[in-house]
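The opening residue of the sequence shown carries number 17 in my numbering; numbering runs sequentially from there.
Ideal placement from N, C-alpha and C gives every residue a C-beta, glycine not left out.
Note that the structure is predicted; figures quoted are calculated from it, not measured.
Down below is the structure, laid out as structure tokens.
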Amino acid sequence: MKEVKFTSFEAACAQLNISTALPDVSMLAEKYGKALVAHHKLMVLVEANNGDWVVDYKDDNQRKYFPWFEYVPGSGWVLDDCGLEYTGAYVGARLALKSAELAKEMGREFIGLYSDLLSGQK
């Protein structure tokens, strides 16, 4: 069963009843602005696709998942698997997902946004 229900930023914004306006990053170097816009979009997409599930970093027993990427020269960022974290985090805490399957699907579906966030390289 497909877990990613909102495959566009606009659909995720509509679900959350928030504006589709993007942060103004015009004063930044392109690669930095690209990363901030990607982070904003991913936070919205993650929240919408997590549904009612809310990450609780005070709960050591709550499982939190993240897509795991490897950089492959000539190919760019590729989804390798998903990572499971408890209270510690190696990526942005606001990007935690409720299940391993959702983390893998999000990584595949939004590889371009994750690439922009991680390095600005495709």
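Quiz item: Taking the Cβ atom as the reference point for each residue, do LEU111 and LEU58 lie within a distance shorter than 8 angstroms?
Solution: yes
Quiz prompt | For LYS18, the three-state DSSP class (helix, strand or coil) | solution = coil
Exercise. Assign LYS80 to one of three DSSP states: helix, strand, or coil.
Key: strand
Quiz prompt | Contacts around LEU134, its chain only, beta-carbon distance under 7 angstroms, and the 5 residues preceding and following it disregarded | solution = PHE85, TRP93
Quiz item: Tell me, which residues are paired with LEU113 by DSSP?
Solution: TYR81
Exercise. Return yes when the Cβ of ALA119 is within less than 8 angstroms of the Cβ of TYR87, no when it is not.
Key: no
Quiz item: Beta-carbon separation of THR36 and PHE22 under 8 angstroms?
Solution: no
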